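A.B. asks:
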Amino acid sequence: MDDVTQLWSLVGGGAHGQTNKPFVCIMPIRFWKIIAVHFAITAGFGCCFRNDVTPDDFNPNIPAIAKYFSTKGRYEEVNPHLIEDILAVNRSMLQPPSEQCHEIHLTAIIRHGTRYPTSKNVKKMRKLYELVKSRASGEESWLREIQTQWRMWYTDDMDGRLVQKGVNDHKHLAVRLSKLFPSLISEEKLRGGFIKFITSSKHRCVNSTLSFKAGLTELWAITDQEFDHAENDALMRFFDKCTRFVQEVDNNPTALSEVDKFRQGPEMRRVTEKIADRLRVPYNNITDDMAEAAFYLCAYEFAIKTVNSPWCKLFDEVDAQVMEYANDLKQFWKRAYGYDINSKSSCILFHDVFSRLDQAASKNKSGQQVTEAVTVQVGHAETLLPLLTLLGFFKDSDALSSTNYATQAQRSFRTSHMLPYAANLLMVLYDCGGGDLRLQPLLNEKPVTFPGLTGQQGSMPLYQDVRAHYSELLQGCDFETECQLFKSPAQV
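Per the numbering used here, residue 1 is the first one in the sequence shown, and the count goes up by one each step.
Encoded structure:
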């Protein structure tokens, strides 16, 4: 037990499950020296932690750590203005270069809405709950609430199914996109068959697609017509179909070694020890899995029920930043820049997107009507992240690793910002007159800039420049070739 932990035990922290000792006001000089060193160390590492919650941000109904929930976060934390008005949009942010510009095609790749935890996580959460109920001690009101009032209501059969909040996520997104792009997402276009819907076969994605359609039909009070959708796992669950990814990353126990090292490292150990102190249980009772389960309980209670759960009291902001990094590290190595095949597995979706854009551009150029004005494609976080990676978004100068947590505080690769429930990547093609076609990418309804095109027309570059920028991928990036398990030297 280190000096600071010993001190915490002395002043009532209850480390190792011991009964609290009374606080002693007159302490030996060594106590104050250790305190001084502890705060000096904390101050010295101040640059490494984002303590950016201000009093103005405080809302008792929102956990102070909500912005660190990674892929378990609400869409509203990424777009806080929606907390006040869930249908609010700001068309002025689109900023086309001239008044002549009008949108001719939109491809939207959308993650499913808020869901229940998977059965795997439910088991971990149940184990933690039983420990807290039977072993934790203390008089804190939040702990008594968990032990006497809170019930373990999550069940194995929920297994990632869409919740009512997830239904609303997609209904509201549909309405907002119709307000952002009224000439494309319109009643006339929907009735005319110009809006196409594609989804993963997973129930949460199918139900999200149905919810998106319901958002539009309810908006325009359409009751006399139904609209089809297609299930296409080759596009929306390409990661399951890519043999090389499955073998080398997904089913490879060593592929996430950096994640394993971090979960056993000093930052995570500090988190688990603090949780044990708060619960007054032995340190060896709280594993990294237990810490993750506690974090998920806070996140799910908030995302599903908009409740600031007593489980959230097990974490302060520094803890939450460590938990967020652990999840970012996993996503980085399993779905993003960690291995080349992670992004290359999305080649099929990449080509599909540009094929739709090319068709729209070609029809527009020849004066024909663009018959596929909008494509709505609903998938998973694991659908979006490899594609964002292939396109070069959110790439930091240094790879995320188990040892560089402190220097990654300002990283751009943060799944809390990128991949909340209902996260979406929009590709909007504009005709600005005289053959001037432009492409605007938006992530979670906010314009972003294509990496490598930062100096060219802001967030709405010429479409031909975008194609030139990605020419290597457009000419290569063959899904079948990339996903072969054994590549010949000529293919590497």
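Glycine is no exception: its CB is placed at the ideal position from the N, C-alpha and C atoms.
All of these numbers come straight from a predicted model, not from anything done at the bench.
(1) Starting from the C-beta of V307, find all residues in its chain whose C-beta is less than 6 Å away, skip the five residues before and the five after it, and write them out in chain order.
(2) State yes or no: is the C-beta of G435 within less than 8 Å of the C-beta of K365?
(3) Between which two residues does the beta strand (DSSP E) containing N424 stretch?
(4) Pick out the complete beta strand (DSSP E) segments inside the segment 320-393, 3 residues or longer, and give them in chain order.
(5) Using the Cβ count rule (16 or more neighbours within 10 Å means buried), how would you classify W220?
(6) So, for D352: in the same chain, excluding its five sequence neighbours on each side, which residues have a beta-carbon less than 8 Å away from its beta-carbon?
(7) On the DSSP bridge assignment, give the partners of D261 in chain order.
(8) Check for me: the beta strand (DSSP E) holding H170 runs from which residue to which?
(9) Give me, in chain order, the residues of the same chain whose beta-carbon lies closer than 7 Å to that of A468; leave out the 5 immediate sequence neighbours on both sides.
(10) Within the same chain, show all residues whose beta-carbon is closer than 8 Å to that of Q464, passing over the 5 residues directly before and after it, in chain order.
(11) Going by DSSP, what residue range makes up the beta strand (DSSP E) through K196?
(12) Could you tell me the alpha carbon to alpha carbon distance between K274 and T155, rounded to whole angstroms?
(13) Given a threshold of 16 other Cβ atoms within 10 Å of its Cβ, counted over all protein chains shown, does C47 qualify as buried or as exposed?
(14) Going by C-alpha distance, which of L162, S416 and C432 is nearest E99?
(15) For the segment 448-485, which segments carrying the alpha helix (DSSP H) assignment without a break, of at least 4 residues, lie completely within its bounds, in sequence order?
(16) Do the CB positions of P96 and M460 come within less than 8 Å of each other?
(17) Could you check where the alpha helix (DSSP H) with E445 kicks off and where it finishes?
(18) Taking C-beta to C-beta, are N342 and V259 nearer than 8 Å?
(19) How far does the beta strand (DSSP E) with R111 in it reach, from first residue to last?
(20) Does the separation of the CB atoms of E317 and I65 fall below 8 Å?
(21) At which residue ranges does the segment 193-257 contain complete alpha helix (DSSP H) runs of 4 or more residues, listed in the order of the chain?
(22) Across the segment 178-190 and the segment 143-151, are there enough close Cβ pairs to call them in contact, namely three or more that are closer than 8 Å?
(23) Which residues share a DSSP beta bridge with L437?
(24) On the DSSP letters alone, give me the boundaries of the alpha helix (DSSP H) that C298 sits inside.
(25) Could you have a look at R115 and say whether DSSP puts it in helix, strand or coil?
(26) Leaving out the 5 sequence neighbours to the left and right, which residues in its chain are closer than 7 Å to T415 when beta-carbon positions are compared?
(27) Can you find the residues in the same chain that come closer than 7 Å, C-beta to C-beta, to D224, ignoring five residues on each side of it along the sequence?
(28) Is the segment 128-141 touching the segment 278-285, taking contact as three or more C-beta pairs under 8 Å?
(29) For G476, which residues of its own chain have a beta-carbon under 6 Å away from its beta-carbon, when the five flanking residues on both sides are left out?
(30) Excluding the five sequence neighbours on either side, which residues of its own chain have a C-beta within less than 8 Å of the C-beta of I26, listed in chain order?
(31) Between which residues of its own chain and E77 is the CB-CB distance below 6 Å, once the five residues before and five after are set aside?
(32) Just to confirm, are T114 and I304 a CB contact at a threshold of 8 Å?
C.D. replies: On the basis of the data shown:
(1) Closer than 6 Å at the Cβ level, and outside the excluded window around V307, lie E301.
(2) Result yes, Cβ atoms of G435 and K365 sit closer than 8 Å.
(3) In the DSSP annotation of this structure, the continuous segment of the beta strand (DSSP E) that includes N424 starts and ends at N424 to D431.
(4) Within the segment 320-393, the runs of beta strand (DSSP E) at least 3 residues long that lie entirely inside it are, in chain order, 374-379.
(5) By the neighbour-count rule (16 or more Cβ atoms within 10 Å), W220 is not buried but exposed.
(6) Excluding residues within five positions, the ones whose Cβ falls inside 8 Å are L235.
(7) The amino acid at residue 261 is misidentified as Asp; the sequence shows Lys. Under DSSP, no beta-bridge partner is assigned to K261.
(8) In the DSSP assignment, H170 falls outside any beta strand (DSSP E) and within the unbroken alpha helix (DSSP H) covering Q164 to L180.
(9) If we look at A468 and ignore the five residues flanking it on each side, it has no Cβ neighbours.
(10) Cβ within range, chain order: L437.
(11) Note, K196: beta strand (DSSP E), I195 to T199.
(12) C-alpha separation (whole angstroms): 28 Å.
(13) Residue placement at C47 is flagged as unreliable, the pLDDT there being 35, under the threshold of 50; the coordinate-derived value follows with that caveat. Under this definition C47 is an exposed residue.
(14) It is C432.
(15) Those alpha helix (DSSP H) runs which fall completely within the segment 448-485 and span 4+ residues are 463-469, 471-475 and 479-482.
(16) In contact: P96 and M460 (Cβ atoms closer than 8 Å).
(17) Element bounds for E445: n/a, residue is neither H nor E.
(18) Taking 8 Å as the Cβ cut-off, N342 and V259 do not qualify as a contacting pair.
(19) Where R111 is concerned, the enclosing beta strand (DSSP E) starts and stops at H102 to R111.
(20) The answer is yes: Cβ separation under 8 Å.
(21) Those alpha helix (DSSP H) runs which fall completely within the segment 193-257 and span 4+ residues are 203-219, 233-236 and 238-241.
(22) Fewer than three beta-carbon pairs drawn from the segment 178-190 and the segment 143-151 are found closer than 8 Å, and the two stretches are therefore not classed as touching.
(23) Beta-bridge pairing by DSSP links L437 to D431.
(24) Following the DSSP letters along the chain, one finds C298 inside the alpha helix (DSSP H) bounded by residues D288 to K305.
(25) In the structure shown, R115 adopts extended strand secondary structure according to DSSP, grouped into three states.
(26) Correct list, in chain order: S70, T71, N327, D328 and Q331.
(27) Taken in chain order, the list of residues that qualify is empty.
(28) Taking one beta carbon from each stretch, the segment 128-141 and the segment 278-285 have 3 or more pairs nearer than 8 Å; the two touch.
(29) Excluding positions up to five away in sequence, the list is empty.
(30) Confidence at I26 is low in this model, with a pLDDT of 32, below 50, so the placement of that residue should be treated as unreliable; the coordinate-derived value is given next. Around I26: no qualifying Cβ.
(31) Hits under 6 Å: A66 and K67.
(32) Yes, Cβ-Cβ distance for T114 and I304 is below 8 Å.
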